[in-house]
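Chains as they are written, first to last, in the working numbering: chain A, 7 to 328; chain C, 272 to 739.
For glycine and all other residues, C-beta sits at the position ideal for the given N, C-alpha and C.
First up is the structure itself, then whatever we jot down about it.
The following block contains the structure:
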């Protein structure tokens, strides 16, 4: 009998919690998807930008490597006084979401320059179609595991896990009442963690990733047969059309990473050549592991180096344009 | 291999199935082998060190028992020297060289040879202390040494407590090893599973939940304002408690399923009304060890008050150093030594002064006061260096503003409510002597595990006490 009663107790506990979350779900708000929430929060921040700060000159797009790797203040200081950068890069971005977000920001902010920074994960077109298909329906972009999808659809405990883990859940309630919208409540909570230049209010860590652990060659790998990713190229061509309308200059660039596959360095430069747009090889800014906080993301020192490096190139491009 | 990983779950289920399917004769060799295998997951090279410590202590303590009284002391001295040498070389060598170099630099003398930068073997402080207590117990004739090398090997390296305690006494472990039960009652299994679920809940919902907040604030302490720093400091109190108590609960549950009972290491320490009571409820196995093998031999409470106070300071300073080879741990130990002495003096004065004797302090203030003092001490425990600890305290006291004033008060409130509610529930349950039935156990375990899985951080966060 014990063999039945014990698992029955566990089952009832799970059903009880699941019911509780289902009942509470209307007041918890929409399920939190890292990318969607951040995207909206950044757009809102851009909209809330005080008029006296002036128009945005440069918008940076990319994934977490660009989000962590660019300090807009350091970049602006190099380009010159009155130059304003907005870092719109987001965690968990894919090539598809970068292009969609870039198009949105471009139409709204009409910046002079749009810099799309691509890394090993975002320069290739791998699973781009799958992401595109699931983008509108999936609550988390990029989830391809069928078991996870099943949980996501039928188990509210799983579906709302990000909301439940959220330390600011009470804060979210407060904001939902203040803004009289559940959706806005969640998004605004995130808006408050972003500065007017798109940077996070949380400081970057500066723990070096074991100095000398790896040192990558700063030269581009030679002799590689590169097939340009057609879907990415198509997206970039669409972006170019939008840039024509907004009178913006599209620039492609790379972000330094420790990943051993360095093909993307040549891949992105080839794409820039193909499209006839300016290119910044961010990989040349630093290759030393001490400037990274982990194997992929730059730390505070690394971000300063890359930001200054890109700032100098933007200044050159700006002069050439003038 | 951490208790809160899927790898450990697979490993433990395999061990459990083998343990209960094997004959009684084979159970112990299996326990020893699995303990060594468990340790090898971290670094197999240090297995040789554990085997060396096991063999040396086994034969040396046998000699202590057999030798005539006149020579017992010498062998004990040799055993203690060996264990302290192992601990000294692997844990404290670099610290002493660095301290010596600082001193020589200050005196204007050329520095001594460089540090050796040796890796700290996991759990070294725990297994050497167990070995020391075993030798002393045999010397005091409080324990007869075991004739079984396997039993002794398990005592030193039993995987549930090997890496972060509790520091079990051989007087408790060896008799249990001689009589491992043939089967477990359903009540024992229920209570063991309940402990594992409770530990997992403490670790993930309290410890791991606080970890990112603590890391962010302590990692950039100069950039946060004083309120954020204060929140970070209090959050660390809950992190270390949830983390360490969670580990111990899991260790006790795991061991109970193998038929071996481990002692309680925590008894709701944050509900303590004074600092002396706190140390009777926090890391009980370590404070008991220091009491039995250092404080009492130094004279305990039998000596003059001031001598006893001095001994207390000394013991707590060494206890601080036990946690890590760094000045901050030394200061942390001294801070607690000072608090214990101050409390001792307070008790002494209340017995003499009628005015203080009649002073009634509400229990809630006593609990909050003790908790605040303990939290203040944790700053030294968590900070990267003494300088950053002092800077952090200074910034709080000066009410400094910072570039960042992100107040995570809600996160701290969630931690306070969860941790204290859990402790109060556990205390009421323990004192009521009520035993949960099979269905109720399943219900509680289901609730704890489901919540732990939902609140689980996306990455596995190691246990804080593994570094000691």
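Thinking just about the alpha-carbon of each residue, which of the options is nearest to the one in residue i?
i, options, result
"residue 603 of chain C", "C:643, C:614, C:652, C:558", "C:652"
"residue 71 of chain A", "A:162, A:28, A:169, A:312", "A:312"
"residue 65 of chain A", "A:281, A:154, A:117, A:253", "A:117"
"residue 588 of chain C", "C:605, C:532, C:544", "C:605"
"residue 490 of chain C", "C:690, C:507, C:363", "C:507"
"residue 640 of chain C", "C:716, C:557, C:547, C:566", "C:547"
"residue 399 of chain C", "C:557, C:659, C:666, C:420", "C:557"
"residue 496 of chain C", "C:662, C:697, C:688", "C:662"
"residue 256 of chain A", "A:327, A:128, A:12", "A:327"
"residue 634 of chain C", "C:656, C:597, C:544, C:414", "C:544"
"residue 300 of chain C", "C:421, C:358, C:317, C:598", "C:421"
"residue 55 of chain A", "A:97, A:203, A:80, A:89", "A:203"
"residue 316 of chain C", "C:362, C:334, C:392, C:284", "C:392"
"residue 449 of chain C", "C:345, C:344, C:296, C:591", "C:296"
"residue 477 of chain C", "C:453, C:456, C:505", "C:505"
"residue 358 of chain C", "C:596, C:584, C:649, C:704", "C:596"
"residue 498 of chain C", "C:610, C:700, C:669, C:342", "C:669"
"residue 323 of chain A", "A:307, A:258, A:299", "A:258"
"residue 396 of chain C", "C:536, C:330, C:373, C:436", "C:436"
"residue 781 of chain C", "C:501, C:287, C:667", "Limits of chain C in this structure are 272 at one end and 739 at the other, which puts residue 781 of chain C out of reach."
"residue 526 of chain C", "C:278, C:290, C:362", "C:290"
So residue i contacts chain A; which residues on that side make the cut at Cβ distance below 8 Å?
i, result
"residue 454 of chain C", "The contacting residues do not exist; residue 454 of chain C stays about 14 Å from chain A at best."
"residue 721 of chain C", "19, 20, 23, 163"
Just checking: is the beta-carbon of residue i within a distance shorter than 9 Å of some beta-carbon in chain C?
i, result
"residue 147 of chain A", "In this prediction, residue 147 of chain A scores a pLDDT of 34, lower than 50, which makes its location untrustworthy; the coordinate-derived value is nonetheless stated afterwards. By this cut-off, residue 147 of chain A is not an interface position."
"residue 197 of chain A", "no"
"residue 150 of chain A", "The predicted position of residue 150 of chain A is uncertain, since its pLDDT is 49 and thus under 50; a value taken from the coordinates is nonetheless stated next. It does not; no Cβ of chain C falls within 9 Å."
"residue 73 of chain A", "no"
"residue 55 of chain A", "no"
"residue 304 of chain A", "no"
"residue 78 of chain A", "no"
Does any residue of chain A have a CB that is nearer than 9 Å to the CB of residue i?
i, result
"residue 427 of chain C", "no"
"residue 712 of chain C", "yes"
"residue 510 of chain C", "no"
"residue 709 of chain C", "yes"
"residue 717 of chain C", "yes"
"residue 490 of chain C", "yes"
"residue 507 of chain C", "no"
"residue 461 of chain C", "yes"
"residue 409 of chain C", "no"
"residue 272 of chain C", "no"
"residue 652 of chain C", "no"
"residue 658 of chain C", "no"
"residue 706 of chain C", "no"
"residue 298 of chain C", "no"
Exposed or buried, which one is residue i when buried takes at least 16 other CB atoms within 10 Å?
i, result
"residue 231 of chain A", "Since pLDDT at residue 231 of chain A reaches only 48, below the 50 mark, its modelled position is unreliable, and the value read off the structure follows with that caveat. Exposed is the call here."
"residue 636 of chain C", "exposed"
"residue 520 of chain C", "buried"
"residue 60 of chain A", "exposed"
"residue 167 of chain A", "buried"
"residue 550 of chain C", "buried"
"residue 10 of chain A", "exposed"
"residue 75 of chain A", "buried"
"residue 578 of chain C", "exposed"
"residue 360 of chain C", "exposed"
"residue 276 of chain C", "exposed"
"residue 328 of chain C", "buried"
Quick one: which chain A residues come within Cβ less than 7 Å of residue i?
i, result
"residue 503 of chain C", "Result: empty, since nearest Cβ-Cβ is about 13 Å, beyond 7 Å."
"residue 254 of chain C", "Outside the shown range of chain C, which is 272 to 739, sits residue 254 of chain C, and nothing can be said about it."
Report the neighbours of residue i on chain A: residues whose CB is nearer than 9 Å to its CB, in chain order.
i, result
"residue 487 of chain C", "208, 209, 211"
Please list the partners that residue i has in chain C, where partner means a Cβ-to-Cβ separation under 9 Å.
i, result
"residue 96 of chain A", "Near residue 96 of chain A there are no residues of chain C at all, since even the closest Cβ is about 17 Å away, more than 9 Å."
Please compile the residues from chain C whose C-beta is within a distance smaller than 7 Å of the C-beta of residue i.
i, result
"residue 11 of chain A", "709, 710, 713"
Could you name the residues of chain B that residue i contacts, counting a contact when the two beta carbons are closer than 8 Å?
i, result
"residue 494 of chain C", "This model lacks chain B altogether, as its protein chains are A and C."
Using a cut-off of 8 Å between C-beta atoms, extract the partners of residue i located in chain C.
i, result
"residue 14 of chain A", "710, 713"
* Every unbroken alpha helix (DSSP H) inside the region 459-508 of chain C [4 residues or more] -> 479-490
* Asked: In chain order, which continuous runs of the alpha helix (DSSP H) of length 4 or greater are located wholly inside the region 620-705 of chain C?
  -> Listed in chain order, the complete alpha helix (DSSP H) runs (minimum 4 residues) inside the region 620-705 of chain C are 625-628, 634-653, 657-668, 680-703.
* To do: Mind listing, in chain order, the continuous beta strand (DSSP E) runs of no fewer than 3 residues lying wholly within the region 264-310 of chain A?
  => Fully enclosed beta strand (DSSP E) runs of 3 or longer: 284-286.
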